[in-house]
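To start, the structure under review is shown below, and the notes come after it.
Numbering (full-length UniProt numbering), first residue to last: 1 to 373.
As C-alpha cells, this is what we get:
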C-alpha cells in the first residue's frame, strides 16, 4: 500500500509540474506592446500627474509594463513648469524623468513653446526684445536642466492654423515668424544631442500639411536643427484615410526628418458640426446623438476599432524605417481627454485598455499583428 501511495504522490507531482510548465509557456507567449514592437519603433503613452506621483499605482505599473516611451501629458507645459518669470517648478517633472530613467524608457518632453496652457506672465511681454529674452531663458533653462536625460522635445506645439498659415499667438504677434527657428536654435545650442520636433494636429490635412512642410523647410533653410515632426493622431474610425496618412508620412520623411505619431487615440463617437481638429478651446452641447454609448461599447464597434487600429499599424510597420515612435494619448478609456472633448460628459472608448485597465480587442489585435509582420 505504501508503494502505491508514493506512486500516486509521484504521479500527482508530475501532473502538477506539467501543468505549471504549460502555464509558464502560456504566460511567456503573452507579449507586451513594447516587446511586440521592439526593434520597430518606440511604443509610448502620455503620463498624467497622478500617474507620475504614483497616486494611481495600477496605472503607473501598467505604463512600466507595456510601454518603452513616455510623454508628459501636462506637467511640462509652461503654466506648470514655469509659473512665474523668476520661478521654475521642476519637482513633478523631475519625478516624471526619474520614472523614465528607472524603467529604461525613451523620454519625451512636451512642450517648450505653446500658445495654450501658457504661463500668464508670458502674455505681459509686449515687444520683440522682451519676448525673445523670455523665450530664450525659458527654453535654455529647461533644456539645460534635463540635458542628457530627455531624449527629445516638442520645441514648438500647434503653431499652425488649419489653412497652413501661422497662428496669431503671442509669440507671432511680438516677434514675428522668426520665433520658430529661434526656439529650435536655442534648444539645439543648449543640448546638441537631443532630438527636436515640431508637433501639431491635423497634419494629414492637405493645406495644413503644406504649411507644416513650409515651416520645417524655413527652419532648415536657416541652418537650424530640426529632427522630426510629431503628427498628432487624434483620429476617427473612418478618417483620415489610410492613403492620406501614408502620403503624409512620405511627405514629411522626404524632408530628411523623423516622423513620430503622437497623441494617438481613435474616437468612436460622432463629431459636432463645425469641430476644428483638436483645438482644446472648443466646446459643444451634449445630447443622446452625440453620446450613443453611455454604458458600454457594442461588440460591433469594438471590432471596428480593433480593425481600424490594425489597418493603421500595418501602415506604420510598412514605413517603420521612417517612424521613430508611436505614442498613445493616455492609458485607458476612463482617463482619456476625449470623454470631455469637445463635449463634456461623453463616454468615449478610444484607447487599448478599458475603464478597468483590461486589454481590449484592439490591444490583442496589435500584438498579434507583429507576429504576422
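Ideal Cβ placement from N, Cα and C applies to all residues, glycine included.
Straight-line gap, residue 231 to residue 124 (C-alpha atoms, nearest Å)
It is roughly 31 angstroms from the alpha-carbon of residue 231 to the alpha-carbon of residue 124.
Does the pairing of the segment 170-179 with the segment 197-204 give three or more beta-carbon distances under 8 angstroms?
Output reads no: the segment 197-204 does not touch the segment 170-179.
Own chain residues within Cβ distance below 6 angstroms of residue 367, not counting five before or after
Correct list, in chain order: 31 and 36.
Where does residue 348 land, buried or exposed, given buried means 16+ other C-beta within 10 angstroms?
Classification of residue 348: buried, given that the 10 Å Cβ count is 16 or more.
At 3 residues or longer, what runs of the beta strand (DSSP E) sit wholly inside the segment 19-80?
Taking only runs of at least 3 residues, the beta strand (DSSP E) segments lying wholly in the segment 19-80 are 42-47 and 69-72.
Which residues does DSSP pair with residue 230 in a beta bridge?
Residue pairing from DSSP places residue 230 in a beta bridge opposite 199 and 260.
Supposed close pair residue 154, residue 193 - CB separation, criterion 8 angstroms:
The pair is not a contact, with the Cβ atoms about 17 angstroms apart (cut-off 8 angstroms).
Are any of the Cβ atoms in chain B nearer than 9 angstroms to that of residue 215?
Looking for chain B here will not work: only one protein chain is present.
Can you tell me whether residue 158 is buried or exposed, with buried defined as 16 or more other CB within 10 angstroms of its CB?
Buried: at least 16 other Cβ atoms inside 10 Å.
So, under 8 angstroms CB-CB, residue 131 and residue 174 are touching, yes? Tell me the CB distance rounded to an integer number of Å.
Rounded, the Cβ-Cβ distance is 4 angstroms, consistent with contact.
Contacting residues, own chain, Cβ-Cβ under 7 angstroms from residue 311 (five flanking each side not counted)
Closer than 7 angstroms at the Cβ level, and outside the excluded window around residue 311, lie 242.
Ignore the nearest five residues each way along the sequence and tell me which others in residue 362's own chain have a CB closer than 6 angstroms to its CB.
Cβ neighbours of residue 362 beyond the five flanking positions: 305, 306, 309 and 352.
Should residue 338 be labelled buried (16 or more other beta-carbon atoms within 10 Å of its own) or exposed?
The residue is buried, with at least 16 neighbouring Cβ atoms inside 10 Å.
Quick one: measure Cβ to Cβ for residue 325 and residue 44, integer angstroms, because I've assumed they're closer than 8 angstroms.
A Cβ-Cβ separation of about 6 angstroms places residue 325 in contact with residue 44 under the 8 angstroms criterion.
Kindly indicate which residue of 87, 147 and 267 has the alpha-carbon position closest to the one of residue 120.
Per the Cα distances, 87.
Count the other CB atoms, across all protein chains shown, that sit within 10 Å of the CB of residue 177; report buried if there are 16 or more and exposed otherwise.
Here residue 177 is exposed: its Cβ has fewer than 16 other Cβ atoms, across all protein chains shown, within 10 Å.
Rounded to the nearest angstrom, what separates residue 359 and residue 270 at their Cα positions?
The straight-line gap from Cα to Cα measures roughly 24 angstroms.
Can you tell me which of 58, 235 and 143 puts its alpha carbon nearest to the alpha carbon of residue 196?
Scanning 58, 235 and 143 for the CA closest to the CA of residue 196 turns up 143.
Are the segment 38-53 and the segment 97-114 touching by the rule of at least three beta carbon pairs closer than 8 angstroms?
Flag = yes, the segment 38-53 and the segment 97-114 touch.
From residue 350 to residue 297, what does the alpha carbon distance come to, in whole angstroms?
So the alpha carbons of these two residues sit roughly 10 angstroms apart.
Where do the N-terminal and C-terminal ends of the alpha helix (DSSP H) with residue 180 fall, by residue?
Taken as a continuous stretch (DSSP letters only), the alpha helix (DSSP H) holding residue 180 covers 179-190.
Below 6 angstroms CB to CB, which residues in the same chain sit around residue 235 once its five sequence neighbours on both sides are set aside?
Excluding positions up to five away in sequence, the list reads 266.
For residue 325, which of helix, strand or coil comes out of DSSP?
Note: residue 325 maps to strand in three-state DSSP.
Are the beta-carbon atoms of residue 78 and residue 114 separated by less than 9 angstroms?
Contact flag set, yes.
Buried or exposed, going by whether 16 or more other CB atoms sit within 10 Å of the CB of residue 66?
Buried, by the Cβ-count rule.
Residue 155, DSSP secondary structure in three states
Residue 155: strand per DSSP, three-state reduction.
Counted within 10 angstroms of its Cβ, other Cβ atoms place residue 211 as buried (16 or more) or exposed:
With 16 or more other Cβ atoms from the protein chains shown falling within 10 Å of its own Cβ, residue 211 counts as buried.
Between the alpha carbons of residue 152 and residue 341, how many angstroms are there, rounded?
Looking at the two C-alpha atoms, the distance is approximately 27 angstroms.
Where does the unbroken alpha helix (DSSP H) through residue 211 begin, and where does it stop?
Counting along the chain, residue 211 sits inside the alpha helix (DSSP H) bounded by residues 206-221.
Can you say whether residue 181 is buried or exposed, counting buried as having 16 or more other CB atoms within 10 angstroms of its CB?
Classification for residue 181: buried.
Can you give me the start and stop residues for the alpha helix (DSSP H) that residue 174 sits inside?
Residue 174 -> alpha helix (DSSP H) spans 170-175.
Might you give, ordered along the chain, the residues of its own chain that have their beta carbon closer than 7 angstroms to the beta carbon of residue 184, omitting 5 neighbours on each side?
Within the same chain, Cβ atoms closer than 7 angstroms to the Cβ of residue 184 are found at 155, 196, 219, 224, 225 and 226, the five residues on either side in sequence being excluded.
My understanding is that residue 264 touches residue 213, with C-beta atoms under 8 angstroms, so please give their C-beta distance in whole angstroms.
In fact, because the Cβ distance is near 21 angstroms, the residues do not count as touching under 8 angstroms.
Measuring alpha carbon to alpha carbon, tell me which residue in 238, 85 and 334 is nearest residue 355.
Ranking 238, 85 and 334 by Cα distance to residue 355 puts 334 first.
CB-CB length for residue 314 against residue 369, believed under 8 angstroms:
The pair is a contact, with the Cβ atoms about 7 angstroms apart (cut-off 8 angstroms).
Where residue 74 and residue 318 are concerned, what is the direct C-alpha to C-alpha distance, given to the nearest angstrom?
Our two residues, residue 74 and residue 318, have alpha carbons roughly 32 angstroms apart in a direct line.
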